[in-house]
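S.K.:
Protein chains: 4
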Amino acid sequence: MACSAHASNSEKKVPRMKSEERREQILEAALHVFARENYHGATTAKIAEAAGITEPVIYQHFKSKRDLFLEVLKRSRKDMIEWNTKVLAKHDDPIERYQGFTDMFKYYTTQFNRDSAMMWAVAATVNDSDIKAEIRDTDDAVLEQLTNNIRNSMEEGKISSRHAPQVLARIIHGINSHLSWLILVGESRTQDWVYEDLKRFIADVMRKD
Amino acid sequence: MACSAHASNSEKKVPRMKSEERREQILEAALHVFARENYHGATTAKIAEAAGITEPVIYQHFKSKRDLFLEVLKRSRKDMIEWNTKVLAKHDDPIERYQGFTDMFKYYTTQFNRDSAMMWAVAATVNDSDIKAEIRDTDDAVLEQLTNNIRNSMEEGKISSRHAPQVLARIIHGINSHLSWLILVGESRTQDWVYEDLKRFIADVMRKD
Amino acid sequence: MACSAHASNSEKKVPRMKSEERREQILEAALHVFARENYHGATTAKIAEAAGITEPVIYQHFKSKRDLFLEVLKRSRKDMIEWNTKVLAKHDDPIERYQGFTDMFKYYTTQFNRDSAMMWAVAATVNDSDIKAEIRDTDDAVLEQLTNNIRNSMEEGKISSRHAPQVLARIIHGINSHLSWLILVGESRTQDWVYEDLKRFIADVMRKD
Amino acid sequence: MACSAHASNSEKKVPRMKSEERREQILEAALHVFARENYHGATTAKIAEAAGITEPVIYQHFKSKRDLFLEVLKRSRKDMIEWNTKVLAKHDDPIERYQGFTDMFKYYTTQFNRDSAMMWAVAATVNDSDIKAEIRDTDDAVLEQLTNNIRNSMEEGKISSRHAPQVLARIIHGINSHLSWLILVGESRTQDWVYEDLKRFIADVMRKD
DNA sequence: GATGAATGAGCCTTCATTCAT
DNA sequence: AATGAATGAAGGCTCATTCAT
Chain A
1 MACSAHASNS
11 EKKVPRMKSE
21 ERREQILEAA
31 LHVFARENYH
41 GATTAKIAEA
51 AGITEPVIYQ
61 HFKSKRDLFL
71 EVLKRSRKDM
81 IEWNTKVLAK
91 HDDPIERYQG
101 FTDMFKYYTT
111 QFNRDSAMMW
121 AVAATVNDSD
131 IKAEIRDTDD
141 AVLEQLTNNI
151 RNSMEEGKIS
161 SRHAPQVLAR
171 IIHGINSHLS
181 WLILVGESRT
191 QDWVYEDLKR
201 FIADVMRKD
Chain B
1 MACSAHASNS
11 EKKVPRMKSE
21 ERREQILEAA
31 LHVFARENYH
41 GATTAKIAEA
51 AGITEPVIYQ
61 HFKSKRDLFL
71 EVLKRSRKDM
81 IEWNTKVLAK
91 HDDPIERYQG
101 FTDMFKYYTT
111 QFNRDSAMMW
121 AVAATVNDSD
131 IKAEIRDTDD
141 AVLEQLTNNI
151 RNSMEEGKIS
161 SRHAPQVLAR
171 IIHGINSHLS
181 WLILVGESRT
191 QDWVYEDLKR
201 FIADVMRKD
Chain C
1 MACSAHASNS
11 EKKVPRMKSE
21 ERREQILEAA
31 LHVFARENYH
41 GATTAKIAEA
51 AGITEPVIYQ
61 HFKSKRDLFL
71 EVLKRSRKDM
81 IEWNTKVLAK
91 HDDPIERYQG
101 FTDMFKYYTT
111 QFNRDSAMMW
121 AVAATVNDSD
131 IKAEIRDTDD
141 AVLEQLTNNI
151 RNSMEEGKIS
161 SRHAPQVLAR
171 IIHGINSHLS
181 WLILVGESRT
191 QDWVYEDLKR
201 FIADVMRKD
Chain D
1 MACSAHASNS
11 EKKVPRMKSE
21 ERREQILEAA
31 LHVFARENYH
41 GATTAKIAEA
51 AGITEPVIYQ
61 HFKSKRDLFL
71 EVLKRSRKDM
81 IEWNTKVLAK
91 HDDPIERYQG
101 FTDMFKYYTT
111 QFNRDSAMMW
121 AVAATVNDSD
131 IKAEIRDTDD
141 AVLEQLTNNI
151 RNSMEEGKIS
161 SRHAPQVLAR
171 IIHGINSHLS
181 WLILVGESRT
191 QDWVYEDLKR
201 FIADVMRKD
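Top line first, the protein sequences correspond to chains A, B, C and D. Using UniProt numbering, read the first sequence as starting at 1 and increasing by one per residue. Using UniProt numbering, read the second sequence as starting at 1 and increasing by one per residue. Using UniProt numbering, read the third sequence as starting at 1 and increasing by one per residue. Using UniProt numbering, read the fourth sequence as starting at 1 and increasing by one per residue.
1. Is DSSP giving Ala-89 of chain C helix, strand or coil here?
2. Taking 8 Å as the CB-CB limit, is Arg-170 of chain D close to chain C?
3. Do we get a CB-CB distance below 8 Å when we pair Lys-132 of chain D with the residues of chain C?
4. Check for me: the alpha helix (DSSP H) holding Tyr-59 of chain C runs from which residue to which?
5. Is there contact between the segment 149-169 of chain B and the segment 97-113 of chain A, where contact requires at least three CB pairs shorter than 8 Å?
6. At 4 residues or longer, and completely inside the segment 150-198 of chain C: list those alpha helix (DSSP H) runs for me, N to C.
7. Against chain A, with Cβ distances strictly below 8 Å, would Glu-49 of chain B count as a contact?
8. By the 10 Å Cβ neighbour count, where 16 or more other Cβ atoms means buried, how is Gly-186 of chain C classified, buried or exposed?
9. Between B:Asp-209, B:Asp-93, B:Ala-123, B:Val-87, which has its C-alpha nearest Tyr-108 of chain B's C-alpha?
10. Shorter than 8 Å from the beta carbon of Ala-30 of chain D to some beta carbon of chain C?
11. Chain D beta carbons: is any one of them nearer than 8 Å to that of Val-185 of chain C?
12. State the DSSP-derived secondary structure class of Asn-148 of chain C, mapped to helix, strand or coil.
13. Using a Cβ-based criterion (distance less than 7 Å to any ligand heavy atom), does Asp-192 of chain C qualify as near the ligand GTP?
14. Would Glu-196 of chain B be called buried (16 or more neighbouring beta carbons within 10 Å of its own) or exposed?
15. Closest by CA to Lys-132 of chain B, which one among B:Ala-50, B:Gly-41, B:Leu-70?
16. Give a yes or no on whether 8 Å exceeds the smallest Cβ distance from Arg-136 of chain A to chain B.
17. Just list the alpha helix (DSSP H) runs in the segment 88-137 of chain B, keeping only unbroken ones of 4 residues or longer that don't cross its boundaries, in chain order.
18. To the nearest angstrom, how far is it from the Cα of Glu-24 of chain D to the Cα of Ala-123 of chain D?
19. In whole angstroms, what is the alpha-carbon distance linking His-61 of chain B and Glu-20 of chain B?
20. Whole angstroms are fine: how far does the CA of Gly-41 of chain B sit from the CA of Ala-5 of chain C?
21. For Gly-174 of chain A, does the count of other Cβ atoms within 10 angstroms reach 16, so buried, or fall short, so exposed?
22. Only counting the same chain, and skipping five residues up and downstream in sequence, which positions put a Cβ closer than 6 Å to that of Arg-77 of chain C?
23. Between which residues of its own chain and Ile-47 of chain A is the CB-CB distance below 7 Å, once the five residues before and five after are set aside?
24. Going by CA-CA distance only, name the one from B:Ile-159, B:Ser-180, B:Trp-83, B:Phe-201 that's closest to Asp-209 of chain B.
25. Measuring only between beta-carbons, confirm whether Gly-174 of chain A sits less than 8 Å from chain B.
26. Within the 8 Å Cβ cut-off, does Val-72 of chain B reach chain A?
27. Please name the residues in the segment 32-44 of chain D whose beta-carbon is closer than 7 Å to at least one beta-carbon of chain C, in chain order.
28. Under a three-way DSSP split, which group does Met-206 of chain D fall into?
29. List the endpoints of the continuous alpha helix (DSSP H) containing Arg-22 of chain B.
30. Anything in the segment 109-121 of chain D with a Cβ closer than 8 Å to a Cβ of chain C? List those residues in chain order, please.
31. Going along chain C in order, which residues have a C-beta closer than 8 Å to the C-beta of Asn-149 of chain D?
32. I'd like to check one pair, Ile-172 of chain A with Thr-102 of chain A: are the Cβ atoms closer than 8 Å?
33. Measuring only the C-alpha atoms, how far is Thr-43 of chain A from Val-126 of chain A?
34. Looking at C-alpha atoms only, which residue of C:Arg-207, C:Leu-27, C:Met-80 is the closest neighbour of Ile-53 of chain C?
35. Under the three-state reduction of DSSP, which class applies to Arg-75 of chain D: helix, strand or coil?
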């Protein structure tokens, strides 16, 4: 959306960009359009417009609209995994950590990178096996990340072992996932207190008696 | 692909039908097509074919494709609420009841009326405010149904009051919702044991110490 | 190009036609456009315009532009074979017959169904294996028709057996084919006397000494 | 796909070249692409790739794709005329000469410069008056070359004067032309014996009784 | 001389929707 | 009540061609 800082002759319109830069910019623009308009609603024309280019440029960087979508998904996945890693490293106390996980998830899905989070709900309805595989893999990856972290906390004796780590992970991740889905459909009434409730619940369930 | 086991006077193909009956038949066919092909993938041609009629007939019963989709959603909502009511009435013991809720939810989303459940994931990406409102309302209704039931059980002193009823409801419903979303994207590896784990978890969290 | 002889209410534009009729009309229009503009030059828009319809109608009768082209080819083939059959039946005297073959070929390629003849030159450059196969098969069929006829004349002792029937057939058909190719590129200077020369040549080569 | 055996100072990839040399290289590459993919199928991208250069370079040497095609055609024409001249000079005995003409034509269209021969069938369907004029002129030139040669042989009393030289020329050239067209569409079944038959036919028709 | 980046124009095809019968 | 025929409006994608570097 921002343009040329180096190019100076401001008579023509579109600034020439290095390939890698433009590719990145298209991915960024496509992310927003896909997340807001869905796969089918996001026409190549809209994406091009959002990127400030003409349609054919898209096809110099991506084989097809589907390919572009997949690349956007992969970018979102990396983004989400990185974010989770960062968040899980933030607190020493495990209970605070998993509470923070929910807090930060809220921040991620509503503020920091809302569209990136929305992509997964959108992707789920595309009816393309590669896209579905990407979703499953990502879901698995996030779940594993969280499960391992919880298991470690248990093994270190820092949280209760009453429930299997994968159950707790599934619950935390599942609820988060569900809440982000609610955001997609515009549900905002119950949001805020829900997160606080969940944090209290997490503490309660994990605390060593 | 074949539908109605209850509808009876459909002989073989495209016979004159009473308006109400035909409408019902279109809704039934549309449900399957929408759930399997998404909103955009479900063309009016496919829906008509699935219903064994021609396209214009659709427009004698529904203003537009969008209208048809909304009606299908409303039908799914009724179906789901009724199902929940029935399930919640099944067990006297509350803990068995909420465990059964998960069990039956699994049955509903995978066997009994899978497509009806899938509609919600599909609907979430249509980017139409009326449709989104319908989703939110339905989600609210289900949540309220469950919350009230749990609150009653607490008031009757049958389950622990450690956690607020809306939190427990949100968790049970949220996980269920997430699991049905996983089904949509084809995840089936962890399904079975997950349900058992969840039931144990529910019991554990609700049991009076 | 001509419209409704039965439809009377001349207020709207496009006359409703029976499916078979319209299909035939599209084939006819497409023949002219393909023959004059080539496969790629003949856009579906031009074909639709020539048929006095809108583009989507084409797709109610043919899977694709390629499919339409193939159907036009098949129609041309039938037309050409029928024409040949008729011509070969016209004269009792074999020499007059083969001379007439050239005469009528000229008439066919320049007047009666010029575009049908042109299709083959156009088709030869489409680079599609099915289309090429159709061309080869047609060429074979015409050649066989002529070869058999010549062989019979020889066996009946009506023409000289100095040259093998397939050679004579190949020569007559080959020259005809070449001449129609010349018409395609607009060569018209030498046309007329060439046909007379050829007829004399044929007589000379076939006459029993 | 590799071309120039005569061009020598091309080291590996896209080196600076003298204008004339580069032009020649583009023409050579374009010939192959046009002959194999047709006018419309041969995109400037494919031509550039075959020439090992980028697209804009083409436009430094040729005004447009059409212009390039015309230049390729002119090159093919020179090539073909030269070849014919060489072949007609090979045999002293006229009958052997015209038989050789067919032999060498076969060699030319199938082995030595197949693509150059194919250009003419491709060109015939481009629907551009300049291109069609070029084809006609070339056809005329070849025909004249052959006619003159045959006329000389007749005047020298070496072959029968039963048929007018232009008729014999038209037949020989026409059949050759037709056979190369058959090659274009992939007909290869009857090829080999046909050439032998034709040679026998030529001898028979030209021999002085 | 050569290229990387960009685009206007247009093509084939699909789809929701209407209308005459 | 039902259908066959028709279409306006787009949508994804490609291509010849041009500029700035």
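Each residue gets a CB set at the ideal place from its N, CA and C atoms; glycine is no exception.
M.R.: Put simply:
1. coil
2. yes
3. yes
4. 55-61
5. no
6. 165-184
7. no
8. exposed
9. B:Val-87
10. no
11. yes
12. helix
13. As far as ligands go, the structure on display features none, and thus does not contain the ligand GTP.
14. exposed
15. B:Leu-70
16. yes
17. 94-107, 114-123
18. 20 Å
19. 9 Å
20. Bear in mind that the predicted position of Ala-5 of chain C carries a pLDDT of just 37, short of 50, making it too unreliable to give a figure here.
21. buried
22. Thr-138
23. Ala-29, Ala-30, Val-33, Ile-58
24. B:Ile-159
25. yes
26. no
27. Glu-37, Asn-38, His-40, Gly-41
28. helix
29. 19-41
30. Ala-121
31. Going along chain C, no residue has its Cβ under 8 Å from Asn-149 of chain D, so there is no contact; the nearest lies around 18 Å.
32. yes
33. 14 Å
34. C:Leu-27
35. helix
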